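Colleague: Numbering of the sequence shown is given in this note's numbering, commencing with residue 2 and proceeding in unit increments.
C-beta: ideal position from N, C-alpha, C; glycine also.
It should be emphasised that the depicted structure is a prediction, and the values quoted were computed from it without experimental measurement.
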Amino acid sequence: MRGVSIIGCGAIGSFVARAIDEGLVPAALRYLMDLDRGRAERLAASLARQRPMIAAGVEEVAADPATEVVVEAASQGAVLQYAERLLEAGKELVVLSVGALLRPEGRRILERYRGRVHVPSGAIAGLDAVRALALAGVEEVLLVTRKHPSKLMDEPYVRERGLRLGDLAEPTVIFEGPAEEAVRAFPRTLNVAAALSIYAGRQARVRVVADPRAARNVHEVFVRSRAGELRVTVENVPHPDNPRTSYLAALSAVALLRDLCAASP
Ligand SMILES: NC(=O)c1ccc[n+]([C@@H]2O[C@H](COP(=O)([O-])OP(=O)(O)OC[C@H]3O[C@@H](n4cnc5c(N)ncnc54)[C@H](O)[C@@H]3O)[C@@H](O)[C@H]2O)c1
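Spelled out as structure tokens, the structure:
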């Protein structure tokens, strides 16, 4: 059975830990790590079967020979801080904060360790087809993300510009730009733009719509290629533990990890 450690014990990290605890992912949970140590400790104490250790820093996880796979469910900063160390130590890495991989340091990590850096489909769908279309050459990639203003208010782009989204009466485009810019402007909301760009081998164009009538987080993907066109719409239900995260994103991490662990001898 493969050993898995988790960095980031919020909504997604906790969901993954429980999936391992319940046997949905056939793995041994080795370490939990979080900037808020209490959070990692409370998660560990809540598990029924697994008895993970709490890591004070990434070195402990990197030095653990039994950890084969590390799930990052923390932040873009965490990816940039820890990924290289973990990959150098031979670990496989499942990255949720995918936006980090569009930054120059992140791109270098992806190029160097591509086979061991795994990007789940997250809150969108159709990435298998996007990857296939990329082989024929992708001419256009567009992502339109529609969210209720309350889900966007904490993002740096909105705060820095002092956008008063609470006053909106109609759906309003508040951002349009390349994925690289989008993941800096909306680091929590637009990891999907990074995943889409990585699979397409080309930067997505991103439009963000603040919609006071949106009950769900909606992502519309459009890809044009010589081999055909792809349109995918995903309507996400918020995660019960963190309304800013889509339930599907947590499920996609578990589905990917399940494959990685089931594939082990
Ligand atoms: N790929 C996708 O489609 C997708 C979808 C949703 C969320 N995400 C991303 O996944 C990540 C986790 O999401 P979540 O909803 O579980 O977030 P969350 O806020 O519920 O939990 C994040 C946890 O990580 C911890 N953390 C942050 N930085 C850290 C660091 N440097 N080292 C250790 N711990 C750190 C925080 O203390 C917190 O407990 C976020 O970056 C989020 O943007 C990706």
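(1) Which value, in whole angstroms, describes the spacing of the CA atoms of A228 and S122?
(2) Can you give me the C-alpha to C-alpha distance between C10 and M34, rounded to a whole angstrom?
(3) Using only CA atoms, which one of G202, A205, Y248 lies nearest to V219?
(4) Of all the beta strand (DSSP E) runs that stay within the bounds of the region 202-226, which reach a length of 3 or more residues?
(5) When the Cα atoms are used, what is the spatial distance from R50 to D22?
(6) Counting only the same chain and skipping the five closest in sequence on each side, list residues whose C-beta sits under 7 Å from that of E181.
(7) Work out the CA separation of T173 and E156 for me, nearest whole Å.
(8) Do L30 and P66 have their C-beta atoms within less than 7 Å of each other?
(9) Rounded C-beta distance between L94 and F223? I'm assuming under 8 Å.
(10) Keeping to the same chain, check which residues put their C-beta closer than 6 Å to that of A183; ignore five residues upstream and five downstream.
(11) Relative to the alpha-carbon of A75, which residue among D260, L153, A215, A251 has its alpha-carbon at the smallest distance?
(12) Closest by CA to G14, which one among F176, Y32, E106?
(13) Using 7 Å as the threshold, is the C-beta distance between A63 and R86 below it?
(14) Using only the alpha-carbon positions, how far apart do R43 and I55 sit?
(15) Which of helix, strand or coil does DSSP assign to L33?
(16) Please tell me whether, using a cut-off of 6 Å, the distance from the CB of L128 to the nearest non-hydrogen atom of ligand 1 is below it.
(17) Residues in its own chain within less than 6 Å of V233 by CB, not counting five upstream and five downstream?
(18) Would you say S151 touches ligand 1, meaning its beta carbon is less than 6 Å from a heavy atom?
(19) Under the DSSP definition of a beta bridge, which residues are partnered with V174?
(20) Under the criterion of a Cβ to heavy atom distance below 6 Å, does D212 qualify as lining ligand 1?
(21) Determine the contact status of T59 and Y83, defining contact as a CB-CB distance below 7 Å.
(22) Start and end of the beta strand (DSSP E) containing I110?
(23) Would you call the CB atoms of V131 and Y200 closer than 7 Å?
(24) Note down the Cα distance separating T246 from K148, rounded to an integer number of angstroms.
(25) Is the CB-CB distance between N237 and A12 below 7 Å?
(26) Give me the Cα-Cα distance between L88 and R214, rounded to the nearest whole angstrom.
(27) Can you give me the C-alpha to C-alpha distance between Y96 and L36, rounded to a whole angstrom?
Modeller: On the basis of the supplied data:
(1) 21 Å
(2) 7 Å
(3) Y248
(4) 206-211, 218-226
(5) 6 Å
(6) L103, Q204
(7) 16 Å
(8) no
(9) At roughly 29 Å, the Cβ-Cβ gap does not stay under 8 Å, so L94 and F223 are not in contact.
(10) L191, A194, V207
(11) A251
(12) Y32
(13) yes
(14) 10 Å
(15) strand
(16) no
(17) A126, G127, V222
(18) no
(19) V210
(20) no
(21) The sequence given here has Val at residue 59, not Thr. Going by C-beta atoms, V59 is nearer than 7 Å to Y83.
(22) Unbroken run through I110 is the alpha helix (DSSP H), 105-114; no beta strand (DSSP E).
(23) yes
(24) 11 Å
(25) no
(26) 43 Å
(27) In the sequence under discussion, the amino acid at residue 96 is Val, which differs from the Tyr named in the question. About 17 Å.
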